[in-house]
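*Asks:*
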Amino acid sequence: MNELPSAQHNAIVTPKLSTDPRAARTRAAIFAGVERLMSSRASRVTVQDVVRSAGISRSSFYLHFSGLEDLALAYLSQQIDIIGEAGIGVRRDDLITGATAARIGYDRLITHVVEHFPLYSAVLESSSSHGAFQAAIDTYSRRLLKSVLSLDVVPSSANAEIAVAYVAGGALTVISSWLRGDLDVDDDDLVQQLVDLLPTWVRESHGEERERT
Numbered sequence: 013m014n015e016l017p018s019a020q021h022n023a024i025v026t027p028k029l030s031t032d033p034r035a036a037r038t039r040a041a042i043f044a045g046v047e048r049l050m051s052s053r054a055s056r057v058t059v060q061d062v063v064r065s066a067g068i069s070r071s072s073f074y075l076h077f078s079g080l081e082d083l084a085l086a087y088l089s090q091q092i093d094i095i096g097e098a099g100i101g102v103r104r105d106d107l108i109t110g111a112t113a114a115r116i117g118y119d120r121l122i123t124h125v126v127e128h129f130p131l132y133s134a135v136l137e138s139s140s141s142h143g144a145f146q147a148a149i150d151t152y153s154r155r156l157l158k159s160v161l162s163l164d165v166v167p168s169s170a171n172a173e174i175a176v177a178y179v180a181g182g183a184l185t186v187i188s189s190w191l192r193g194d195l196d197v198d199d200d201d202l203v204q205q206l207v208d209l210l211p212t213w214v215r216e217s218h219g220e221e222r223e224r225t
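To convert, take the position in the sequence shown, counting from 1, and add 12; that gives my numbering.
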């Protein structure tokens with residue numbers, strides 16, 4: 013039986029947040045500070061930049077994050093949740109094809125990473141944190157593919173769990189290579205290639221698949 017991956021395959025391991033409202037406000041201030049830095053088109057980001065933009069002390073920052081890499085991973089995890097929630101129902105009533113849904117999802121992710129690259133570059137340059145960054149991207153790709161596949165008829169010859177792991181892994185490799193500068197394509201071309209490389213039965217709409225079979 014072709015079953016989609018369970019929720020445990022799609023979870024990002026993130027630190028438990030404090031229920032203290034003051035702690036929540038500080039984290040919100042830090043994230044808002046990051047947004048202000050990104051909107052200022054900063055080419056690099058440091059902890060000092062973040063605390064200055066957030067209007068907090070360094071000691072307050074380090075009560076919540078061990079460093080810039082830790083902040084970047086927490087921020088990415090939050091944004092993946094936001095992007096994922098925004099995509100819920102994107103294929104409701106099968107109004108768009110799987111290819112269109114995948115394009116919207118990948119475009120949201122790539123646009124976010126590009127706009128916040130000064131923050132994420134710290135993670136990409138850290139051998140200890142790069143793996144966690146890749147895991148977050150992989151999680152998003154799996155979540156996206158699961159939502160695309162949830163309304164499609166999976167061919168009897170295909171195992172949905174294997175298909176999702178295979179395609180998400182390929183997307184992760186391509187995105188990681190692109191972020192390192194190994195692929196000379198712009199972000200629009202990258203998104204289009206990720207969509208074009210999806211299996212045909214993933215890119216089709218539910219209705220198209222029923223008619224074909």
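Glycine included, each C-beta is placed from N, C-alpha and C at the ideal position.
Computed from a predicted structure; not experimentally measured.
Contact defined as beta carbons within less than 8 Å: I believe Ile122 pairs with Leu202. What is the distance between those atoms, to the nearest angstrom?
*Replies:* Contact flag correct, Cβ pair sits at about 6 Å.
*Asks:* Could you pull out every residue in the same chain whose Cβ sits closer than 6 Å to the Cβ of Tyr118, ignoring the five residues on either side in sequence?
*Replies:* Cβ within range, chain order: Val203 and Leu206.
*Asks:* Straight-line CA distance for Ser141 to Glu81?
*Replies:* Approximately 7 Å, taken between the alpha carbons.
*Asks:* Considering only residues of the same chain and omitting the five flanking positions on each side of Arg115, which have a CB-CB separation below 7 Å?
*Replies:* For Arg115, where only same-chain residues beyond five positions count, the Cβ hits under 7 Å are Val203 and Val207.
*Asks:* To the nearest angstrom, how far is the alpha carbon of Val59 from that of Arg39?
*Replies:* The straight-line gap from Cα to Cα measures roughly 14 Å.
*Asks:* Helix, strand or coil for Asp32 per DSSP?
*Replies:* Coil, per DSSP.
*Asks:* Helix, strand or coil, according to DSSP, for Asn14 in the structure here?
*Replies:* Here the model assigns Asn14 a pLDDT of 43, short of 50, so the residue's position is not dependable and the matter cannot be decided.
*Asks:* Is the Cβ-Cβ distance between Ala180 and Leu195 less than 7 Å?
*Replies:* Against a cut-off of 7 Å, the Cβ pair of Leu195 and Ala180 comes out as no contact.
*Asks:* Just the Cα atoms here: how many angstroms apart are Pro211 and Thr112?
*Replies:* Looking at the two C-alpha atoms, the distance is approximately 14 Å.
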